[in-house]
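Residue numbers (my numbering), protein chains in the order written: chain A, 8 to 263; chain B, -6 to 263.
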Amino acid sequence: MSSDAACGSRIECMDCNCRIGTFEHMEEPHFTDVDGLLAEMEFIGISQALVMHSWASHWSPRLGNAKLDELIGDRDNLYPCYVALPSATGELAPPAEFAAEVRARRGAVRLFPAEHQWDFTPWCAGELLDALAARSVPALIDMGQTNWNQIAAVLEQYRELPLIILGTSYRINRHIYPLFKKYENLYLEVNTHVMTWSLEDISERFGAERLIFGTGLPETEAGGALAQVRYNKLSDADKARIAGGNLRSLLGMEEP
Amino acid sequence: MGESTFVEKLKSGIRVDDELVIDCHAHMGPWYNFHIPGDGTPESMVENMDLVGIGMAVAAPHIAIGPDIKEGNRQVAEAAERYPDRLVAYITINPRYPLPEIEAEISLYHDLFGGIKGFKFHSSCHGVDCSHLGYGPVYEYANEHGVPILSHVWDGPDKDGKSFLARQAAAYPNIAFLHAHSGNSWDVIRKLTAEAKGHPNIYLDMAGSGRPYGGLEYMVKEVGADRVLLGTDMPFIDVRCQFGRLLAARISDDDKRMIMGLNAKRLFNL
Chain A
8 MSSDAACGSR IECMDCNCRI GTFEHMEEPH FTDVDGLLAE MEFIGISQAL VMHSWASHWS
68 PRLGNAKLDE LIGDRDNLYP CYVALPSATG ELAPPAEFAA EVRARRGAVR LFPAEHQWDF
128 TPWCAGELLD ALAARSVPAL IDMGQTNWNQ IAAVLEQYRE LPLIILGTSY RINRHIYPLF
188 KKYENLYLEV NTHVMTWSLE DISERFGAER LIFGTGLPET EAGGALAQVR YNKLSDADKA
248 RIAGGNLRSL LGMEEP
Chain B
-6 MGESTFVEKL KSGIRVDDEL VIDCHAHMGP WYNFHIPGDG TPESMVENMD LVGIGMAVAA
54 PHIAIGPDIK EGNRQVAEAA ERYPDRLVAY ITINPRYPLP EIEAEISLYH DLFGGIKGFK
114 FHSSCHGVDC SHLGYGPVYE YANEHGVPIL SHVWDGPDKD GKSFLARQAA AYPNIAFLHA
174 HSGNSWDVIR KLTAEAKGHP NIYLDMAGSG RPYGGLEYMV KEVGADRVLL GTDMPFIDVR
234 CQFGRLLAAR ISDDDKRMIM GLNAKRLFNL
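What follows is the structure, given as structure tokens:
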């Protein structure tokens, strides 16, 4: 996709927060496979997605990441979001190798320090974070997995690491605004930050480049997130950036 | 189910201008707990509504669910006067106020508006439950005049195996009991749809930040679209959150129209 796509009214949505695979708390209408995800994307008008596999988050990062590769294959609209671990236990490839592979696939990593029993701190995850930062691999982390002090410390020490915060609720402005002001490598998924005028306010203060479209499919429906990027007071170019341009840029798919 | 006009509008960012859209759950003003861009002024709220095509919102100011119902009711009455076609006043009651003051508040707005359109309870913020005796005058007035009550939760003691809400709904058949945040999680959805099934005057409000996949469709399947109402929680939460959820839902466009505004028009007599 050329940077022209960020101009005019063409908006190509790319979702940073999708998952496939069965999971513990499935409800009846949930889809769990690639075909289901693609059908949902078609229904709601999402062109591309960054996808994680449930095995990686809730069983084995190593085997779940491999399963993800097997399932999404070389599809040109699904990109891998691998689950990463600190290097000390040697459960995944060495950090430099792992980060290079993720970057080559135009992928990203998802971090679960709380659920996977490690600390989102340099003493615990330093080698991993160094490697991801060296390759500018985007790292996604849910607020339920960390805290603002850890995020601030990581942003300070790893200035080349694009960090995308998910699962924030709408009550975070007094925490995240000082971080937005200080760290250009901080990004926010819009799905759960549903505060009134959040897109407009953050774009005006810090730039629309800091916002990333994501849905939380299949656990969360996508219409609420889509409405945020489709109905707003921003320019068409900024809408296109938030809807997908910013994420594609972070993944190395297009120029910022 | 065929193509949905509303899904296509959402996908193209076309505002829903030609439908009756009423938000049954709005607030107003700032709030101590977090920053609200625009400070929740009536102007900011109407502008937020205009983004998507919400014509009217029924509102209870934050200060009313917080420390001062009289100031809150005054604020929303003033806003409703300034925006008579866009904002409708909930009269909020904190049952901890002395009974004569509660009765005076009801009387004041009954006279001012020629009848109150809706009441708002926030028993959690006010640190009580909905069985508090101070709510008594509201139940009596609402039942006599057919006025809906929106409550954050319908908490109160169970008795004879029945919940407080079920007992109130049976005791006051002319009140529409609106349960706020009914679609926020699967646990809440399953509990409240079961509760609503047995009582035709219990209604489910969508407002909140949660949007479990398939949850709205389940609510409609279980209780019918005529018992579900669009609510946003604006300006706590942006209108786009729940409005987008409704537009994208896998239910018929006629069902969406009921949830979007037809139900609220009927219940609030707008």
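The beta carbon of each residue, even a glycine, is placed where N, CA and C say it ideally should be.
Keep in mind it's a predicted model, so treat the numbers as computed, not measured.
Start and end of the alpha helix (DSSP H) containing residue i?
i, result
"serine 210/A", "205 to 213"
"phenylalanine 269/B", "Residue coverage of chain B in this structure runs from -6 to 263, which leaves residue 269/B outside it and unanswerable."
"glutamine 235/A", "230 to 237"
"serine 144/B", "Careful: serine 144/B lies outside any alpha helix (DSSP H), inside the beta strand (DSSP E) at 142 to 144."
"aspartate 219/B", "Neither: aspartate 219/B is in no alpha helix (DSSP H) and is coded neither H nor E."
"methionine 48/A", "41 to 51"
"histidine 55/B", "55 to 58"
Please list the terminal residues of the continuous beta strand (DSSP E) segment that includes residue i.
i, result
"proline 87/A", "85 to 90"
"aspartate 43/B", "Counting along the chain, aspartate 43/B falls outside any beta strand (DSSP E), though it belongs to the alpha helix (DSSP H) covering 35 to 45."
"tyrosine 194/A", "193 to 196"
"aspartate 22/A", "21 to 27"
"aspartate 198/B", "195 to 198"
"histidine 172/B", "170 to 172"
"phenylalanine 112/B", "111 to 114"
"leucine 117/A", "As written in the sequence, residue 117/A is arginine, which differs from the leucine given in the question. Per DSSP, arginine 117/A belongs to the beta strand (DSSP E) from 115 to 118."
"threonine 199/A", "Note, threonine 199/A: premise wrong, no beta strand (DSSP E); not H, not E."
"valine 144/A", "Valine 144/A -> no beta strand (DSSP E), and no H or E assigned at all."
"threonine 186/B", "Note, threonine 186/B: premise wrong, no beta strand (DSSP E); alpha helix (DSSP H) at 179 to 190."
"histidine 18/B", "15 to 19"
"glutamine 55/A", "55 to 60"
"alanine 111/A", "Segment 102 to 111 is the alpha helix (DSSP H) holding alanine 111/A; no beta strand (DSSP E) there."
Check this for me: beta carbons of residue i and residue j, under 9 angstroms apart or not?
i, j, result
"threonine 153/A", "phenylalanine 127/A", "yes"
"aspartate 153/B", "histidine 174/B", "no"
"arginine 110/A", "valine 161/A", "no"
"histidine 192/B", "asparagine 167/B", "no"
"glycine 259/A", "arginine 113/A", "yes"
Smallest Cα separation from residue i: which of the options?
i, options, result
"glutamate 35/A", "Gly207/B, Asp248/B, Leu222/B and Asn256/B", "Gly207/B"
"serine 210/A", "Val58/A, Leu195/A and Leu224/A", "Leu195/A"
"tyrosine 83/B", "Ile58/B, Asp43/B, Ser202/B and Leu239/B", "Ile58/B"
"tyrosine 7/A", "Glu134/A, Pro185/A, Lys188/A and Trp204/A", "Any question about residue 7/A goes unanswered here, given that chain A covers just 8 to 263."
"glutamine 124/A", "Pro68/A, Ala73/A and Ala160/A", "Pro68/A"
"tyrosine 196/B", "Ser(-3)/B, Pro91/B and Gly176/B", "Gly176/B"
"tyrosine 184/A", "Phe27/B, Pro130/B and Lys4/B", "Phe27/B"
"glycine 52/A", "Asp226/B, Leu44/B and Glu1/B", "Glu1/B"
"methionine 59/A", "Cys23/A, Met33/A and Met48/A", "Cys23/A"
"glutamate 49/A", "Leu80/B, Asn66/B and Ala241/B", "Ala241/B"
"arginine 238/B", "Thr(-2)/B, Leu3/B and Leu80/B", "Leu3/B"
"leucine 119/A", "His65/A, Leu257/A, Arg82/A and Leu99/A", "With the sequence shown as reference, residue 119/A is identified as phenylalanine, and leucine is not the correct amino acid for it. If we check each option's Cα against that of phenylalanine 119/A, His65/A comes out closest."
"glutamate 207/A", "Glu122/A, Ala159/A, Ile27/A and Ile249/A", "Ile249/A"
"phenylalanine 170/B", "Val131/B, Asp78/B, Gly6/B and Ala52/B", "Val131/B"
"tyrosine 25/B", "Ser(-3)/B, His55/B and Gly31/B", "His55/B"
"asparagine 87/B", "Ala73/B, Ala97/B and Val121/B", "Val121/B"
If residue i and residue j are in contact, beta carbons under 8 angstroms, what's the gap, nearest whole angstrom?
i, j, result
"methionine 21/B", "proline 35/B", "7 angstroms"
"alanine 234/A", "phenylalanine 236/B", "6 angstroms"
"serine 116/B", "aspartate 148/B", "6 angstroms"
For residue i, would you say it is in contact with chain E, using Cβ-to-Cβ distances shorter than 9 angstroms as the test?
i, result
"serine 205/A", "No chain E appears in this structure, whose protein chains are A and B."
Taking any Cβ of chain A, which residues in the segment 141 to 167 of chain B have a Cβ under 9 angstroms from it, in chain order?
none
Against chain A, which members of the segment 8 to 42 of chain B pass a CB distance test of less than 9 angstroms?
Arg8, Asn26, Phe27, His28, Ile29, Pro30, Gly31, Gly33, Ser37, Met38, Glu40 and Asn41
Contact residues within the segment 40 to 52 of chain A, judged by C-beta distance below 7 angstroms to chain B:
Ile51 and Gly52
Where the segment 196 to 222 of chain B meets chain A: residues whose CB sits under 9 angstroms from a CB there
Ser202, Gly203, Arg204, Pro205, Tyr206, Gly207, Gly208, Leu209, Glu210 and Tyr211
If the cut-off is 9 angstroms on Cβ atoms, which residues from the segment 216 to 246 of chain A count as contacting chain B, listed in chain order?
Gly223, Leu224, Pro225, Glu226, Thr227, Glu228, Ala229, Gly230, Gly231, Ala232, Leu233, Ala234, Gln235, Val236, Arg237, Tyr238, Asn239, Lys240 and Lys246
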